[in-house]
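Asker: This is the structure I have questions about; it appears just below.
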Amino acid sequence: WVLDGDGRVLARAVVERLTEDTYLLHVERNIDVIAEWLIALSDGYTRFAPSDIYAKVPGPVSISILPDAIPPQKFGDLQFADSPIPGAGFDPDKAYFIGCRDVDAPAGDPLPVFEWQEPEPNGLLTTTIHDVHVKLGAKMVPFAGYDMPVWYTTVSEEHLATRQAAGLFDVTHMGVFEFTGPGAEAFLNAITANDVANLKVGKAHYSYLLGVDGLPIDDIFVYRLGTEEFMVVVNASNNDKNWAWVNAVQEGTVAIDPQRTWVKAPGRDNVLIRDLRAMTSGIHRRVDVALQGPKSRDVLLKLAGSDADKAKVKGMAWASVVRVNLGGHDLVVSRTGYTGERMAFEIFVHPDEAPVLFEQLIAAGATPCGLAARDSLRTEAGLPLYGHELAGHFDMNPADAGFASYVKLWKPFFVGKQAYLDYEAQRDRVCTRFRMDNKGVRPPQPGDPVLDKRGRVVGTVTSCSIDSEGYQLGQVLI
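Okay, structure coming up:
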């Protein structure tokens, strides 16, 4: 069935796939009209969703009419109807198609909204690098259910070590999920806000898991390791929630569209989701160690490895990802990070090998850094933290945080898009940065009010920490 933007039937159709990227579309009527409609959609300048001025269909594509290529027998005995007929070339569970909001067609059974209840804490977990932290004399604190190093020396020293040389961070508590199979791209493109379809093999991008309400479930990084292989890193504090969410979406047991509550995510039947930190992943397990700062590549290249693998690391552009063997470890290395440094790496290694790798990198010149420096570095760089500049007390979305560019509104569908658009139409706040004029002042705390010259409250502090020059620097929601 070919529909217009208002859900009206233009014609019945039969689609034939001739090659990987060549199709024949047989239509029973309105051939010229449909051809013009498809060409306009491909060009990307035609509005096809009444409530969405941003959406574009994937393209451009080459479209031409083939004379005498529409055999009537293609349509069998199916009688023409004014509305699509389920089971007769119409899938009511399909997450999106042009005209889906207004088409007069039967709906499926509504699915429930995803609900998550944080489990009761059952003691602190430890990473496999924990003993190394203790041996190095780190101050350990509870964080996201783990016993983690907050600092080894001082926040300022570790902050500057990262800005001037190379800081090393244990982030093995963060979640690492794998998505593989022919449906992985379509599935991830539907459940994340950035454009997975245009993410090339060997590249990575920042993105979001949004709920149907348009609010972040989490902010994430997506790495494309192969045509049908992706790795996704999630925040430690949201790991279990994210795992429950992506599996519920794959199983088709929760709503992904608040208007069409019966639809299911594309690709879900052809994607395998695996928790790479879990024991069940065996030799394929991965955890993340972050090496950040202007000398981080020099440190990484001091590890033993082949010339070919070292050349891969030397040639890495920002947001690229490679597989190498360095220091005797099978690694996935990405040039990404959460410190604002452009020369920065995240190194994915088997958790059993993480302690050895951590000590090798220290021996090669990296300075071990704790959570406090990681927070001060990301705050100085103006990066958001889930619970502070994303979601949290103020229900902040990516645009509130100043990161709307990572939400690709040209995608016709992703979970949370319509709610996100509705909020954007009336949004009247944004996160911005501030710096105190003097050193040594009392640090503003998250939740502190921001006043104008007349003493009126105009905003709220969301984050604050010390910067590279010793001043208090932070972010506020105005």
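Quick note, my numbering runs 9 ahead of the 1-based positions in the sequence shown. The beta carbon of each residue, even a glycine, is placed where N, CA and C say it ideally should be.
Between R283 and E187, is the Cβ-Cβ spacing less than 8 Å?
Answerer: yes
Asker: Kindly confirm or deny that the stretch 167-184 and the stretch 268-282 touch, where touching means at least three C-beta pairs closer than 8 Å.
Answerer: Contact between the stretch 167-184 and the stretch 268-282 is absent, with fewer than three C-beta pairs closer than 8 Å.
Asker: May I ask you to report which of helix, strand or coil DSSP gives D437?
Answerer: For D437, the three-state secondary structure derived from DSSP is coil.
Asker: In whole angstroms, what separates the C-alpha of Q88 from that of V36?
Answerer: A caution first: Q88 carries a pLDDT of 49, below 50, which makes its placement in the model unreliable, though a value can still be read off. When rounded, the distance between both Cα atoms is 14 Å.
Asker: Buried or exposed, going by whether 16 or more other CB atoms sit within 10 Å of the CB of K420?
Answerer: By the beta-carbon neighbour count (other beta carbons within 10 angstroms, threshold 16), K420 is buried.
Asker: What did DSSP end up calling Q268 once you bin it into helix, strand or coil?
Answerer: coil
Asker: The alpha helix (DSSP H) that contains P364, what's its start and end?
Answerer: A363 to A372
Asker: Here's the rule I'm using: 16 or more other beta-carbon atoms within 10 Å means buried, otherwise exposed. How should A408 be labelled?
Answerer: Around the Cβ of A408, a 10 Å sphere holds 16 or more other Cβ atoms; the residue is buried.
Asker: In angstroms with no decimal places, state the Cα-to-Cα distance between F152 and P130.
Answerer: When only Cα atoms are considered, F152 and P130 end up about 12 Å apart.
Asker: By alpha-carbon positions, which one of G483, A434 and P452 ends up nearest to S60?
Answerer: A434
Asker: Could you tell me the boundaries of the beta strand (DSSP E) in which A196 lies?
Answerer: Residue identity check: residue 196 is Phe in the sequence provided, not Ala. No beta strand (DSSP E) contains F196, which is instead part of the alpha helix (DSSP H) from A193 to I200.
Asker: Excluding sequence positions up to five away, which residues of its chain have a Cβ less than 7 Å from the Cβ of H293?
Answerer: L285
Asker: What are the complete alpha helix (DSSP H) segments, minimum 4 residues, inside the stretch 193-248?
Answerer: If we require 4 residues or more, the alpha helix (DSSP H) runs fully inside the stretch 193-248 come out as 193-200.
Asker: Within the same chain, show all residues whose beta-carbon is closer than 7 Å to that of I371, passing over the 5 residues directly before and after it, in chain order.
Answerer: L177 and P377
Asker: When burial is assigned at 16 or more other CB atoms within 10 Å of the CB, is A552 buried or exposed?
Answerer: With the chain covering 10 to 487 only, the question about residue 552 has no answer from this structure.
Asker: Which whole-angstrom value is the C-beta distance of L486 and C440, which I expect to be below 8 Å?
Answerer: A Cβ-Cβ separation of about 5 Å places L486 in contact with C440 under the 8 Å criterion.
Asker: Counting Cβ pairs closer than 8 Å, one from the stretch 182-202 and one from the stretch 233-245, do we hit at least three?
Answerer: yes
Asker: Between the Cα of R277 and the Cα atoms of F196, D384 and L12, which residue gives the shortest distance?
Answerer: F196
Asker: Mind checking whether S343 and A213 have CB atoms under 8 Å apart?
Answerer: yes
Asker: The beta strand (DSSP E) that contains D156, what's its start and end?
Answerer: Y155 to W160
Asker: Can you say whether E355 is buried or exposed, counting buried as having 16 or more other CB atoms within 10 angstroms of its CB?
Answerer: Buried is the call here.
Asker: Looking only at its chain, what residues have a beta carbon closer than 7 Å to the beta carbon of P191, apart from the 5 residues adjacent to it on each side?
Answerer: E237 and N279
Asker: Since I43 is in the alpha helix (DSSP H), which residue starts that stretch and which ends it?
Answerer: I40 to D52
Asker: Please classify I138 as buried or exposed, where buried requires at least 16 other C-beta atoms within 10 Å of its C-beta.
Answerer: A buried status is given to I138, since no fewer than 16 other beta-carbon atoms sit within 10 Å of its beta-carbon.
Asker: Helix, strand or coil for G291 per DSSP?
Answerer: helix
Asker: Please return the same chain residues whose Cβ sits closer than 7 Å to the Cβ of H338, not counting the five positions on each side in sequence.
Answerer: V358, E362 and L366
Asker: Between which two residues does the alpha helix (DSSP H) harbouring L169 extend?
Answerer: V164 to Q173
Asker: Taking V231 and N203 to be in contact with their CB atoms under 8 Å, please state how far apart those CB atoms are, rounded to whole angstroms.
Answerer: 7 Å
Asker: Between which two residues does the alpha helix (DSSP H) holding E389 run?
Answerer: L380 to E389
Asker: Can you say whether R295 is buried or exposed, counting buried as having 16 or more other CB atoms within 10 angstroms of its CB?
Answerer: buried
Asker: According to DSSP, is L133 helix, strand or coil?
Answerer: coil
Asker: Indicate whether W160 and A253 have their beta-carbon atoms separated by less than 8 Å.
Answerer: no
Asker: Output yes or no for whether 8 Å exceeds the beta carbon distance between L12 and G108.
Answerer: yes
Asker: Which one of F423, G314, A64 and R383 has the shortest CA to CA distance from A264?
Answerer: F423
Asker: Confirm, please, whether the CB-CB distance from G14 to V112 is below 8 Å.
Answerer: Not in contact: V112 and G14 (Cβ atoms no closer than 8 Å).
Asker: Please give me, in chain order, every unbroken run of the alpha helix (DSSP H) with length at least 4 that falls completely inside the stretch 415-477.
Answerer: 426-433
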